[in-house]
Amino acid sequence: MPFVQASPTPAPAAGRTGGTTSAGEAGALASSLVSTYSTGSRGNPPIGRIPVLDVTPTVNGGRWPAKAVVGEAVPVTATVFREGHDAVAASAVLIDPDGARHTVVRMTPGPAGSDSWSATLTPDRTGAWTYLVEGWSDPYGTWEHDATIKVHAGVDVDLMLEEGARLLERASARPEVAPEAAYALMDAVAALRDPGLSPVERLNAGLAPAVHAALAVHPLRDLVSPSEPLRLEVQRERALFSAWYELFPRSEGAHVDEAGNWVSGTLRQAEARLPKIKEMGFDIVYLPPIHPIGRVNRKGPNNTLTPGPQDPGVPWAIGSDEGGHDAVHPGLGTIEDVDHFVAAAADLGLEVALDLALQCAPDHPWATEHPEWFTQRADGTIAYAENPPKKYQDIYPLNFDNDPVGLAEAVLDVVKLWIDHGITVFRVDNPHTKPVAFWEWLLGEVNKKYPHVLFLAEAFTRPAMMHTLAKIGFHQSYTYFTWRTAKWEITEYVEELRGSSADYMRPNFWPNTPDILHEFLQYGGPPAFKLRATLAATLSPSWGMYSGYELCEHVAVRGGSEEYLDSEKYQYRPRDWASYEPGGDHEDRTIAPFIASLNGIRRSHRALHRLRNTVFHHCDDDQVIAYSRRLESDPTTGEPEDVIIVVVNLDPHGPRETGVHLNMPELGMDWFDGFEVEDLLTGQRWPWQEHNYVRLDPFHSPAHVLSVRRN
């Protein structure tokens, strides 16, 4: 389907907004109220005999589907009530992509008087699912309540017992009821009508555990009223749970030759880093753009405007006479080398993410072949990119207003090309500078044919844009985590992310990127790198880091800047990785083993694979943060309960001692329960309870990552 930009919808004509009803209108009004049962009002669906309202998750009233991954328990809530005092109940219904009712779960009522109901639904394969909530009258619940009161009070005893017998007769006669359950119900019917038993004995037979068990499986449901179905897009687990490592292939193997000239590293040489990336526990290796780099207005070292003849330029300044987005930089190799790199990664269980940067160098082929795809200034020149005070003279931004269809189709062709060469993930550069309607179309077109392909939005932008990009189809999103360093900031931000936005937005926490070296890392030393990695890896199901983080590279180009000195964006930056290996000259200057431990813990503990299950606990010291991640046992798969408690010293400069006070019910325990914890980073074990003493020395261990073992 070609990309089409929608035209504005004309406003509806003004209608009646107030006033009184005349006698002549009364009959029509009464008639319309009656017809609402079958047609609804104002063109809306009818409310239903049992009202079902406020169903969640819902994204903009159902405009976009909610998101889940295979095996994720999706919380469903609704407001369900009815007139009068009869018992009401609700069921959450999950409908698979083939239209079959996959799961029907009786919902749990909320606090008395709230009319709120909740349940969880768990899809077991990818695809376009739907879900709804059914409100229904509970005749057995009504009888149970009324009969208990009346029989014990001696009011209408025989009548109430006979009504109960008739209800259970009806329940037992349904074809879906198993024979053993039907026998239990009919035994109760016989006892309810047995004159040889006392009224209380007869009543107790109708309330027996076997009756409750039978009706729990197949309850009597009258006046079933379904909500409107809502969409649930279910994707593979990597969409939610992932660990990324960013690598500049041109720096791997880069060297100065005998003539004093720089020689670029190649994709084949970069393959040598893949086993170490896998050893650190990452599952996605992310490559910046691997395309030819423009020569016009090329940037030099440290973002200077005076490059030398050997300066390689910025990979995001895409395109030259050597090709554009569909080509490989000659210094890196060929398209066959891309295939070889992807295959080598796959052999290690790594996926390859490629940067999708929709911008061009001034000498990109598109600049001459399609000048209409760019913004022309008054003097006839093409405008380069600016984000005042930053200027990007080596980049032309694309303009989607002049030929949106042609440009969109060209981008789709580029994406399909790289998918055909094994790319399964795209990290999209600055998606907030392109039309949202374009992204909704592009991601929809790609995922029709390639539902396994994932897109990460690099959108450090306003919340409304960031959230809308997630709603329209981006599978993951960069976040503001990089700048959240204080305890209150982290707590507030994670509480936001685990709330209603979790229905559509999957955060990816990065403590650093090639563009961002936060001052916390510049002055905190290795403890700062360890504690920020711990937070990123245990607060979000997805996290990532840029190459060099494990070496604690921390020098900024100048004071007050977040730009790296000698940034890899502008020049080759080969690292002597061997010197950081055991036995090397700098083996004590890498935190790679610590990163490997974090990623190993993540893989082994299902509680860290989800987003909504983070609970913060009180610490007496504001420089120490504590939180838990709990996943209940799964009776369908046999997976046991998994509970992780994380305590982090946020001060990289010195030890902290504090009391940690746990919300025990959130851990699935009573207030006075005791339990054992094992620190998964050190192997130490301690007995814990509601109140605990903790001392964390950032120079030895800035955090506890504790696995809970019940007594």
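Residue 505 in UniProt numbering is what sits at position 505 of the sequence shown, and the numbering runs on without skipping anything.
In this text, a Cβ means the ideal position worked out from N, Cα and C, and glycines have one as well.
(request) Give the DSSP-derived three-state secondary structure of Ile516 in the structure shown. (result) When secondary structure is reduced to three states using DSSP, Ile516 falls in the strand class.
(request) Would you tell me roughly how many angstroms separate the C-alpha atoms of Trp93 and Ala182, rounded to the nearest one? (result) Reading the sequence as shown, one finds Val at residue 93 and not Trp. Whole-angstrom Cα-Cα distance: 24 Å.
(request) Work out the CA separation of Thr142 and residue 773 for me, nearest whole Å. (result) Nothing can be reported for residue 773, as the shown portion of the chain is limited to 1 through 711.
(request) Taking 8 Å as the cut-off, decide whether the C-beta atoms of Lys511 and Arg498 are in contact. (result) Note on residue identity: the sequence assigns Pro, not Lys, to residue 511. No; because the gap between Cβ atoms is not below 8 Å, this pair is not in contact.
(request) Could you tell me which residues DSSP puts in a beta bridge with Asn508? (result) Looking at the DSSP output, Asn508 shares a beta bridge with Tyr478 and Ser542.
(message) Here's a check: name, in chain order, each residue in its chain whose Cβ is nearer than 8 Å to the Cβ of Val157, leaving out the five neighbours to either side.
(response) For Val157, where only same-chain residues beyond five positions count, the Cβ hits under 8 Å are Lys150, Val151 and Pro199.
(message) I want to know whether the segment 642-661 touches the segment 687-705 - three or more CB-CB distances under 8 Å.
(response) yes
(request) Name, in chain order, the residues that DSSP records as bridge partners for Tyr693. (result) Beta-bridge analysis with DSSP links Tyr693 to Gly659.
(message) Less than 8 Å between the beta carbons of Asp403 and Trp373, yes or no?
(response) yes
(request) Report yes or no: is there a C-beta of chain D within less than 8 Å of the C-beta of Val660? (result) Protein chain content of the structure displayed is limited to a single chain, and chain D is not contained in it.
(request) Note down the Cα distance separating Asn261 from Ala270, rounded to an integer number of angstroms. (result) 20 Å
(message) According to DSSP, Tyr396 sits in a beta bridge with which residue or residues?
(response) Cys360
(message) Taking the alpha carbon of Arg629 as the reference point, which residue from Glu639, His605 and Asp622 has its own alpha carbon closest?
(response) His605
(request) May I ask you to verify whether the segment 563-570 touches the segment 519-533, counting CB pairs closer than 8 Å and requiring at least 3? (result) no
(request) Closer than 6 Å by C-beta to Pro593: which residues in its own chain qualify, once you throw out the five before and the five after it? Chain order, please. (result) none
(request) Pick out whichever of Leu161, Ser227, Ala173 and Pro389 has its Cα sitting closest to the Cα of Gly62. (result) Measuring from the Cα of Gly62, the nearest candidate turns out to be Ser227.
(message) Rounded to whole angstroms, what is the Cα-Cα separation between Asp394 and Pro362?
(response) 7 Å
(message) Give the list of continuous alpha helix (DSSP H) stretches no shorter than 4 residues that lie fully inside the segment 85-172.
(response) 139-153 and 157-172
(request) For Pro640, count neighbouring Cβ atoms within 10 angstroms of its own Cβ and tell me buried if that reaches 16, exposed if not. (result) exposed
(message) Can you give me the C-alpha to C-alpha distance between His618 and Ala191, rounded to a whole angstrom?
(response) The C-alpha of Ala191 is placed about 55 Å away from the C-alpha of His618.
(message) Could you compute how far the alpha carbon of Leu167 sits from the alpha carbon of Tyr140?
(response) 7 Å
(request) Can you tell me which of the three DSSP states Val446 falls into? (result) helix
(request) Look at Trp366 and Gly300 and say whether their C-beta atoms are less than 8 Å apart. (result) no
(message) Mapping the DSSP letters down to three states, classify Phe594 as helix, strand or coil.
(response) Helix at Phe594.
(request) Flag this pair as yes or no: are the beta carbons of Val55 and Leu230 separated by less than 8 Å? (result) yes
(request) Provide the residue(s) that pair with Glu618 in DSSP beta bridges, ordered along the chain. (result) Residue 618 is actually His in this sequence, not Glu. The partner list for His618 (beta bridge, DSSP) reads His661.
(message) Quick check for students: name the residue ranges of the alpha helix (DSSP H) that lie wholly in the segment 553-607, counting only runs of 4 or more.
(response) 592-604
(message) Taking the straight line between their C-alpha atoms, what separation do you get for Ser633 and Ala90?
(response) Those two C-alpha atoms are separated by around 24 Å.
(request) Could you check if Ser542 is buried or exposed, using at least 16 other CB atoms within 10 Å of its CB as the buried criterion? (result) buried
(message) Would you call the segment 480-495 in contact with the segment 518-531, where contact means no fewer than 3 C-beta pairs closer than 8 Å?
(response) Yes, the segment 480-495 is in contact with the segment 518-531.
(request) Could you pull out every unbroken alpha helix (DSSP H) segment of at least 4 residues lying fully inside the segment 295-366, listed in chain order? (result) The alpha helix (DSSP H) runs of length 4 or more contained entirely in the segment 295-366 are, from start to end of the chain, 335-347.
(request) Report the rounded CA-to-CA distance for Leu662 versus Ala327, giving the unit in angstroms. (result) 55 Å
(request) Please confirm whether Ile293 and Val285 have their CB atoms less than 8 Å apart. (result) Not closer than 8 Å, so no.
(request) Name the one or two DSSP bridge partners that Trp244 has. (result) Ile284 and Gly544
(request) Under 6 Å Cβ to Cβ from Gly323, same chain only, skipping five residues before and after it: list those, please. (result) Pro292
(message) If you follow the alpha helix (DSSP H) that Glu201 is in, where does it begin and where does it stop?
(response) Pro199 to Gly206
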